[in-house]
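Whatever position you read off the sequence shown (first residue = 1), add 118 for the working numbering.
We put the beta carbon where it would ideally sit given N, CA and C, even for glycine.
What follows is one structure encoded as structure tokens, with my remarks underneath.
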Amino acid sequence: MTTAGQKASVRNGALTVERRCATSAEAVFQVLADGWSYAGWVVGASAIRDVDPGWPRLGARIHHSFGVWPLVLDDITSVVEVDRPRRLALQARAWPMGEAAVVIEVLPDEDGCRVRMSEKATRGIGRALPPVLRRIALLPRNRE
């Protein structure tokens with residue numbers, strides 16, 4: 119999968135990044151539907167400990183670890199909405215940092231698709247940070 123062209127914006131407190139992919143929406147969603155690949159595309163996730171059967175069905179969870187040894191913490195990410203192959207909404211937990219609502223939209227276009235990811239802190243330290251500091255902290259990570 120090759121990618122090109124990237125945009126970033128902030129709307130309603132959510133940091134949104136968008137990237138063009140020279141592949142089909144179905145191919146992108148296959149990656150999202152493989153819970154064991156989560157650590158490969160979520161920056162900061164260091165390992166997958168378990169994936170609930172049926173991921174990414176509503177309510178399914180990925181049990182992941184994040185951080186760098188020796189500061190590795192265990193938590194979960196849950197599916198709160200799924201519309202295959204267009205949309206996957208997650209509640210991502212990374213305590214003690216907090217929780218975030220993450221929405222990934224896969225939008226077909228003429229030469230492949232656009233992948234749009236929005237992330238909004240919903241609980242914890244991340245929510246307490248001023249919006250400008252959240253953007254400074256999240257933008258490099260989400261662009262990657």
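Here Glu-199 carries a strand assignment [DSSP, helix/strand/coil]. Look at Ser-155 here: in three-state DSSP terms it is helix. In the structure shown, Glu-144 adopts helical secondary structure according to DSSP, grouped into three states. Taking the Cα positions, Ser-183 is about 6 Å away from Asp-193. Judged by DSSP in its simplified three-state form, Leu-206 adopts strand.
For Val-186, the secondary structure class from DSSP, reduced to helix, strand or coil, is strand. Assignment of Val-135 by DSSP, reduced to helix, strand and coil, places it in the strand class. Check the Cα spacing between Ala-207 and each of Tyr-156, Val-233, Ile-222, Gly-216: the tightest is with Ile-222. Distance between Ser-196 and Asp-152, taken at the CA atoms: about 14 Å.
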